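Throughout the sequence shown, residue numbering follows full-length UniProt numbering, covering 1 to 174 in sequence.
For every residue, glycine included, the Cβ atom is placed at its ideal position computed from N, Cα and C.
The model shown is predicted, which means the values in this text are computed figures rather than measured ones.
Quick notes on the structure that follows.
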Amino acid sequence: MTATKEIFATERLSLRTIQESDHQVLFEQVLSCPDVMRFAFAAKVMSRDEAEQFIARSFDLTGDGKKAGVLTKKGSSEPIGFAGLLPCSALAADDFEIGFVLAKSHWGKGYATEIGVAQIEFGFNRLGLPRMLGCVAPGNAASVAALKKLGMNYQTTVETGARGTRDVYVVYPH
Numbered sequence: 001m002t003a004t005k006e007i008f009a010t011e012r013l014s015l016r017t018i019q020e021s022d023h024q025v026l027f028e029q030v031l032s033c034p035d036v037m038r039f040a041f042a043a044k045v046m047s048r049d050e051a052e053q054f055i056a057r058s059f060d061l062t063g064d065g066k067k068a069g070v071l072t073k074k075g076s077s078e079p080i081g082f083a084g085l086l087p088c089s090a091l092a093a094d095d096f097e098i099g100f101v102l103a104k105s106h107w108g109k110g111y112a113t114e115i116g117v118a119q120i121e122f123g124f125n126r127l128g129l130p131r132m133l134g135c136v137a138p139g140n141a142a143s144v145a146a147l148k149k150l151g152m153n154y155q156t157t158v159e160t161g162a163r164g165t166r167d168v169y170v171v172y173p174h
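This is how it looks when you write it as structure tokens:
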């Protein structure tokens, strides 16, 4: 695997491409943690094999910002979760959604809102997207609060299959 590339950064966080050493941390602290996965991926805790398949298909290797990246505290290489703009067909085939999944030890620090602001700026200013979505499990009050802080408004509820039922929030450029 090649060296990591920073996709974008905030005051406290960095989103970068994945490296081999990230896989174990993401599996242990995020993808196999019942508390973290309660609102992600239809509340299904992943096996090691499922996590590797998810990482292989979902993570950004090029740094173009159109897949998930590894989220770290600025100045550290240790993953605290993942985030990124992800293709999303909840409303239309060419939409992207912002996404963030944090290890439990990093909840309640404002990281979701901080990385969400950066994702929206990146999507509108660098990728020229006409709108961005936020898809959240009904009942995930913390993520709904973060999406509302980001200026997103509820649009509809959809059934996504693998991810379960999702409330869809939308934001347009100012």
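- In this structure, the straight-line span from the alpha carbon of residue 118 to that of residue 130 is close to 16 Å.
- Linking residue 160 to residue 20 through their CA atoms gives a straight-line distance of about 30 Å.
- From the listed residues 133, 55, 18, the smallest Cα separation to residue 171 is found for 133.
- In this structure, the CA atom of residue 40 is about 7 Å from the CA atom of residue 163.
- Of all C-beta pairs linking the stretch 31-48 to the stretch 96-108, three or more are shorter than 8 Å, placing the two stretches in contact.
- With a 10 Å radius around the Cβ and a threshold of 16 neighbouring Cβ atoms, residue 95 comes out buried.
- Remark: three or more beta-carbon pairs, one from each stretch, lie closer than 8 Å, so the stretch 78-94 and the stretch 13-31 are flagged as touching.
- Assignment of beta-bridge partners to residue 79 by DSSP yields 72.
- When rounded, the separation of the alpha-carbon atoms in residue 18 and residue 74 is 15 Å.
- The shortest CA-to-CA distance from residue 65 to any of 125, 112, 11 is the one to 125.
- Excluding the 5 residues flanking it on each side, residue 165 has same chain C-beta neighbours closer than 8 Å at 137, 138, 157, 158, 159, in chain order.
- In this model, residue 114 and residue 23 are separated by some 24 Å (Cα to Cα).
- Distance between residue 3 and residue 62, taken at the CA atoms: about 10 Å.
- Nearest C-alpha to residue 70 among 47, 89, 153, 13: 13.
- Around the C-beta of residue 49, fewer than 16 other C-beta atoms lie within 10 Å, and the residue is accordingly described as exposed.
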